[in-house]
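Taken in order, the sequence shown gives residues 5 to 165; the numbers are from my numbering. We treat Cβ as the ideally placed atom computed from N, Cα and C, and that holds for glycine. These notes are about the structure you will find just below.
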Amino acid sequence: MISAKMQAAINAQINAEMWSAYLYLAMSNDAAHKGLKGVSHWFRKQYDEEMVHAFKFASYLQSQMAKVELKPIAKVDTEWSNVVKMFEQTIAHEKKVTSLIVALCDQAAKEKDYATSNMLQWYVNEQIEEEETAQGILDALNMIGDDKAAFYMFDKELGTR
Ligand code: FEO
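Written out as structure tokens, the structure is:
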């Protein structure tokens, strides 16, 4: 069994993961609207990943006989002026998610909840990857600058994810 406080904290994180999914789905839709098929595909895949993160937390709660509570998902932006802005927001958001995961780790440590600490290690590693990937894409975009041919190749490359 996990504490009521931990159950509430994990339920809040499920909501945060679903909000992330919603954010990336909105970016995918906006990219599709702008004719950027590869970028749209990349964010659609990112949506899938966030839903996996949410479901993993839900499965964990269920394995601990704890209740999953789905809360309303807050509104997200629906339009970005360019792809750089999308990835800047992605990185900022992933850093925020990392801090939420760290707060959950702190709570688990405080409660000596070793099962939850162990489960959270997967997310700690996942966040390293999430931040690194988004930063790598933003670095590539900054190198591309105004080069239309390079941007075309970049969009194609993201479509292979
Ligand atoms: Fe679920 Fe992108 O963090």
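- For the pair isoleucine 77 and tyrosine 26, the CB atoms are nearer than the 8 Å cut-off.
- Scanning its chain for C-beta atoms nearer than 6 Å, with the 5 sequence neighbours on each side dropped, one finds around methionine 90 the residues Met31, Trp84, in chain order.
- Residues lining the ligand FEO by the Cβ criterion, that is a Cβ closer than 6 Å to any of its heavy atoms, are Glu21, Ser24, Glu54, His57, Glu98, Val101, Glu134 in chain order.
- Secondary structure remark: continuous alpha helix (DSSP H) runs of at least 4 residues inside the stretch 57–122, in chain order: 87–114.
- The residue among Trp23, Ala12, Tyr28 with its C-alpha nearest the C-alpha of alanine 138 is Tyr28.
- Of all C-beta pairs linking the stretch 48–55 to the stretch 8–26, three or more are shorter than 8 Å, placing the two stretches in contact.
- With 16 or more other CB atoms across the displayed protein chains lying within 10 angstroms of its CB, glutamine 17 is buried.
- Around the C-beta of histidine 57, 16 or more other C-beta atoms lie within 10 Å, and the residue is accordingly described as buried.
- A distance of 8 Å or more separates the beta carbons of glutamate 73 and leucine 142.
- Non-local beta-carbon contacts of leucine 104 in its own chain, meaning distances under 7 Å to residues more than five positions away in sequence, involve Gln17, Ala20 in chain order.
- Here the alpha carbon of histidine 97 sits roughly 9 Å from the alpha carbon of glutamate 135.
- For lysine 152, the enclosing alpha helix (DSSP H) has its first and last residue at 152–162.
- By the neighbour-count criterion, in which 16 or more other beta carbons inside 10 Å mark a residue as buried, asparagine 15 falls on the buried side.
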